[in-house]
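Enquirer: The structure's right below; bear with me while I get my questions together.
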Amino acid sequence: MIKAGWEAVIGMEIHAQLATATKIFCGCAVETGGQPNSNTCPVCLGLPGALPVLNRRAIDLGARAALALGLEIQETSVFARKNYFYPDLPKGYQISQYDRPFSANGMLTIMTSERDPSGRASEWRPMTIHIERMHLEEDAGKNVHEGLPDVDKYSYVDLNRAGTPLGEIVTAPDFRSSWQAYDYVNHVRRVLQWVGASDADMEKGNLRCEANVSVRKVGETTFNNKVELKNLNSVRFMQKAIEFEIERQIAAHESGEGVTQETRLWDEKNNQTRVMRSKEDAHDYRYFPEPDLQPLTVTAEFIEMVKSEMPELPDAMRDRLMSDYGLSFADASQLVSDKDLAAYYEETATASGDSRVSANFILSELLRELNNSGKSVGSSPVTAPKLAELIKILGTGAITNNQAKEVMVEMFSSGSTAPEVIKEKGFEQISDSSAIEKIVDEIIAGNEGQVTAYRGGNEKLFGFFVGQVMKASQGKANPKIVNEVLKTKLSG
Ligand SMILES: [Zn+2]
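Residue numbers (the numbering used here): 613 to 1104.
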């Protein structure tokens, strides 16, 4: 919650690693965990005279990312040198894009909600974010300060990451709360994974985000000094860091101390942000067009081709699940939180013919089992056809809902099919009407008084007869058929 009378102004920058096999300007493999400096060549080492060659796949994936985020791909974009010195950047400049980015003018609608102190979402509502640009650039290498001999005396440089393709996604300062920023980053992550543009895994560092945060009095239209937050290793840490920063800045303004334009890091141990360095302005980088690369020209045919290869996007799929299968917004949203889960749902709903029960089973039973076992949907022992078979059996009334849930748990742990588990557990019901008719006849003959009372108008006694039949069948009679047979015979 933001203190009354104040508002936060937040802009987001996301660096997403594009999921190519090789680097953006050379043929070195993009790999993590290998020997330091093993995936390097004269280009990514920045040796004099080496020339960059643009990786076509990086453009394909960049185009997918741009379209999925509602950006316009520019017909011509220009690579530029961003000049700065750092040991992990041996060329002395990073190849990026500046005034002619790959894509611009994005309008992205996300769903967002504030959360109560326990983290529960209140009301989800749509919010449109302006994404100013997504440009393409190369990543730098890594300076290593730990885990190697004599790190107190030396720093090490690993250039395996140097030249990895990145899309940098920059929004307008549209966010007014930490939860809006949180929902935005999650939206971007999911969409990038969904279209295969990036693995977008923050823990592995292939999606990194920075937040530019300032505060101002409600009603003001100018901006106060902003702070750039870095080192945000998870979306949750990012949200906490923004929240802390908003409060810190309001207090700094109110005390008259003011806010310094600087870069701050999130310190998870102490739950606070701390100063990293004062912020450089853009002109310090002395951008100029990269002379070793032609301007990048993209045709309308290329964009059409990329569009035709893209899967249906999660929001469109959510709306379709709601209209085609009659699902609620909440259920459909949860199903499209994961592409595999959404596909699993459609397969189950189609094969079982019951979209409602399929959603219930998947969102409660299946997700719980997957969670407990640490398995992904793709490796679920209960495949979509197997679950559909169980739901069909449940639909015939041969087993009860609770029995079906028990069967599902057993199917998950043993890998057996529904009919196998039902047989094993003795859940098989008596669905043979002639057998049930025989039991009903016996019950009617043995309870003359109740039969007379029922026929005289005491319809409440119907439950008594159902109970008697179920008891006589040791609970195995199909309740649907019992009801039908009893109604016919008692009315007669
Ligand atoms: Zn290389």
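Note that beta-carbon positions come from the ideal geometry of N, C-alpha and C, so glycine has one too.
So lysine 1101 is in the alpha helix (DSSP H); what residue range does that whole segment cover?
Expert: Within the sequence shown, the letter at position 489 stands for residue 1101. First-last of the alpha helix (DSSP H) with lysine 1101: 1091–1103.
Enquirer: Specify the secondary structure class of aspartate 764 as computed by DSSP and reduced to three states.
Expert: Numbered from its first residue, the sequence shown carries residue 764 at position 152. Here aspartate 764 sits in coil by DSSP.
Enquirer: Below 6 Å CB to CB, which residues in the same chain sit around valine 797 once its five sequence neighbours on both sides are set aside?
Expert: The sequence position of residue 797 within the sequence shown is 185, counting from 1. Here the set comprises Cys821, Val847.
Enquirer: Kindly indicate which residue of Ile1093, Val969, Leu681, Tyr899 has the alpha-carbon position closest to the one of alanine 928.
Expert: Within the sequence shown, the letter at position 316 stands for residue 928. Distances from the CA of alanine 928 to each of Ile1093, Val969, Leu681, Tyr899 were compared; the closest alpha carbon is that of Leu681.
Enquirer: Using CA atoms only, rank isn't needed, just tell me which of Ala944, Lys919, Ala912, Val910 is closest to glycine 926.
Expert: Counting from 1 along the sequence shown, the entry for residue 926 is found at position 314. Residue identity differs from the one stated: residue 926 is proline in this sequence, not glycine. Nearest to proline 926 by alpha-carbon distance, out of Ala944, Lys919, Ala912, Val910, is Ala944.
Enquirer: Could you tell me the distance, in whole angstroms, from the CA atom of valine 690 to the CA atom of leucine 663?
Expert: Along the sequence shown, one-based indexing puts residue 690 at 78. Along the sequence shown, one-based indexing puts residue 663 at 51. In this structure, the straight-line span from the alpha carbon of valine 690 to that of leucine 663 is close to 16 Å.
Enquirer: From what residue to what residue does the beta strand (DSSP E) around cysteine 821 run?
Expert: Counting from one through the sequence shown, the residue named residue 821 turns up at place 209. Note, cysteine 821: beta strand (DSSP E), 819–829.
Enquirer: Out of curiosity, what's the CA-to-CA distance linking valine 1063 and isoleucine 1056?
Expert: As a first step, residue 1063 must be located in the sequence shown, where it is residue number 451. As a first step, residue 1056 must be located in the sequence shown, where it is residue number 444. Roughly 7 Å between the two C-alpha positions.
Enquirer: Cα-Cα, which of Ile1093, Met613, Glu880 is closest to isoleucine 1011?
Expert: As a first step, residue 1011 must be located in the sequence shown, where it is residue number 399. If we check each option's Cα against that of isoleucine 1011, Ile1093 comes out closest.
Enquirer: Which one of Ile707, Ser1103, Ala633 has the shortest CA to CA distance from aspartate 904?
Expert: Walking along the sequence shown from the start, residue 904 turns up at place 292. If you compare the alpha carbons of Ile707, Ser1103, Ala633 with that of aspartate 904, the shortest gap goes to Ile707.
Enquirer: Which word fits leucine 659, buried or exposed, when buried means at least 16 other C-beta atoms lie within 10 angstroms of its C-beta?
Expert: Working through the sequence shown from its first residue, we reach residue 659 at position 47. Burial is judged here by how many other beta carbons sit within 10 angstroms of a residue's own beta carbon; leucine 659 has fewer than 16 and is exposed.
Enquirer: Does DSSP classify methionine 613 as helix, strand or coil?
Expert: For the purposes of this step, residue 613 is taken as the residue at position 1 of the sequence shown. Methionine 613: coil per DSSP, three-state reduction.
Enquirer: Expressed to the nearest angstrom, what Euclidean distance is found between the alpha-carbon atoms of methionine 934 and glycine 759?
Expert: Translated into positions along the sequence shown, residue 934 becomes position 322. Translated into positions along the sequence shown, residue 759 becomes position 147. Near 51 Å, if we compare the C-alpha coordinates of glycine 759 and methionine 934.
Enquirer: With a 10 Å radius around its C-beta and 16 neighbouring C-beta atoms as the bar for buried, classify threonine 740 as buried or exposed.
Expert: Working through the sequence shown from its first residue, we reach residue 740 at position 128. The residue is exposed, with fewer than 16 neighbouring Cβ atoms inside 10 Å.
Enquirer: Which residue or residues does DSSP assign as beta-bridge partners of threonine 783?
Expert: Residue 783 sits at position 171 when you count from the first residue of the sequence shown. DSSP, once it has assigned bridges, lists Ile743 as partnering threonine 783.
Enquirer: Could you tell me the alpha carbon to alpha carbon distance between alanine 678 and leucine 666, rounded to whole angstroms?
Expert: Numbered from 1 along the sequence shown, position 66 holds the residue referred to as residue 678. Numbered from 1 along the sequence shown, position 54 holds the residue referred to as residue 666. Going from the Cα of alanine 678 to the Cα of leucine 666 covers about 18 Å.
Enquirer: I'd like the span of the beta strand (DSSP E) that includes valine 719, first residue to last.
Expert: Locating residue 719 in the sequence shown gives position 107, where the first residue counts as 1. Reading off the sequence, residue 719 comes out as methionine, not valine. Boundaries of the beta strand (DSSP E) harbouring methionine 719: 715–724, taken from the DSSP string.
Enquirer: Taking 8 Å as the threshold (C-beta atoms), are tyrosine 937 and alanine 961 in contact?
Expert: If you number the sequence shown from 1, residue 961 lands on position 349. If you number the sequence shown from 1, residue 937 lands on position 325. Yes.
Enquirer: Relative to the alpha-carbon of valine 830, which residue among Ser734, Lys615, Lys754, Phe849 has its alpha-carbon at the smallest distance?
Expert: Position 218 of the sequence shown, counting from 1, holds the residue named residue 830. Considering only alpha carbons, the answer is Lys615.
Enquirer: With distances taken from CA atoms, which of Thr721, Val807, Glu815, Ala853 is nearest aspartate 786?
Expert: Position 174 of the sequence shown, counted from the first residue, corresponds to residue 786. Answer by Cα proximity: Thr721.
Enquirer: Let me make sure I understand the geometry here. Which of Glu977, Met850, Gly623 has the alpha-carbon closest to that of asparagine 837?
Expert: Here residue 837 refers to the residue found at position 225 of the sequence shown. Answer by Cα proximity: Gly623.
Enquirer: Quick check: alanine 853 and threonine 885, are their CB atoms within less than 8 Å of each other?
Expert: As a first step, residue 853 is located in the sequence shown; it is residue number 241 there, counting from the start. As a first step, residue 885 is located in the sequence shown; it is residue number 273 there, counting from the start. Going by C-beta atoms, alanine 853 is nearer than 8 Å to threonine 885.
Enquirer: Would you check if the distance between the CB atom of valine 803 and the CB atom of arginine 745 is smaller than 8 Å?
Expert: For the purposes of this step, residue 803 is taken as the residue at position 191 of the sequence shown. For the purposes of this step, residue 745 is taken as the residue at position 133 of the sequence shown. No.
Enquirer: Exposed or buried, methionine 613, counting other C-beta atoms within 10 Å across all chains shown (16 or more means buried)?
Expert: Residue mapping note: residue 613 aligns to position 1 of the sequence shown, counting from 1. Counting Cβ neighbours within 10 Å, methionine 613 comes out exposed, since fewer than 16 surround it.
Enquirer: For glycine 775, is the beta carbon positioned less than 7 Å from some heavy atom of ligand 1?
Expert: The residue given as residue 775 occupies position 163 in the sequence shown. Correct: glycine 775 has its Cβ closer than 7 Å to ligand 1.
Enquirer: Please classify serine 970 as buried or exposed, where buried requires at least 16 neighbouring CB atoms within 10 angstroms.
Expert: Residue mapping note: residue 970 aligns to position 358 of the sequence shown, counting from 1. Looking at its Cβ environment, which holds 16 or more other Cβ atoms inside 10 Å, serine 970 is buried.
Enquirer: List the DSSP bridge partners of arginine 801.
Expert: Position 189 of the sequence shown holds residue 801. DSSP output for arginine 801 lists no bridge partner at all.
Enquirer: What number of angstroms, rounded off, separates the C-alpha of tyrosine 897 from the C-alpha of glycine 731?
Expert: As a first step, residue 897 must be located in the sequence shown, where it is residue number 285. As a first step, residue 731 must be located in the sequence shown, where it is residue number 119. If I take the Cα positions, the gap works out to 41 Å.
Enquirer: State yes or no: is the C-beta of lysine 635 nearer than 7 Å to some heavy atom of ligand 1?
Expert: Counted from its first residue, the sequence shown places residue 635 at position 23. Yes, Cβ of lysine 635 sits closer than 7 Å to a heavy atom of ligand 1.
Enquirer: Would you kindly check if the distance between the Cβ of proline 907 and the Cβ of threonine 644 is under 8 Å?
Expert: Here residue 644 is taken as the residue at index 32 of the sequence shown, counted from 1. Here residue 907 is taken as the residue at index 295 of the sequence shown, counted from 1. In this structure, proline 907 does not lie closer than 8 Å to threonine 644 by Cβ.
Enquirer: Counting Cβ pairs closer than 8 Å, one from the segment 765–774 and one from the segment 712–720, do we hit at least three?
Expert: The segment 765–774 is not in contact with the segment 712–720.
Enquirer: Going by C-alpha to C-alpha distance, which of Phe900, His799, Lys635 sits closest to glutamate 750?
Expert: Locating residue 750 in the sequence shown gives position 138, where the first residue counts as 1. Comparing Cα positions, the closest option is Lys635.
Enquirer: Do alanine 628 and valine 642 have their C-beta atoms within less than 8 Å of each other?
Expert: As a position in the sequence shown, residue 628 is number 16, starting the count at 1. As a position in the sequence shown, residue 642 is number 30, starting the count at 1. Contact flag unset, no.
Enquirer: If I follow the unbroken beta strand (DSSP E) through valine 847, where does it start and stop?
Expert: Start at 1 with the first residue of the sequence shown, and residue 847 comes out as number 235. It is not in any beta strand (DSSP E) - valine 847 instead sits in the alpha helix (DSSP H) that spans 847–866.
Enquirer: Which one or two residues does DSSP pair with glutamine 709 in a beta bridge?
Expert: As a working note, residue 709 is residue 97 in the sequence shown. Its beta-bridge partners are Phe691.
Enquirer: My guess is that tryptophan 791 and leucine 844 are in contact by the Cβ rule of under 8 Å, so how many angstroms apart are they, rounded?
Expert: Along the sequence shown, read from residue 1 onward, the residue named residue 791 stands at position 179. Along the sequence shown, read from residue 1 onward, the residue named residue 844 stands at position 232. Their Cβ separation, rounded to whole angstroms, is 15 Å, which puts tryptophan 791 and leucine 844 out of contact at 8 Å.
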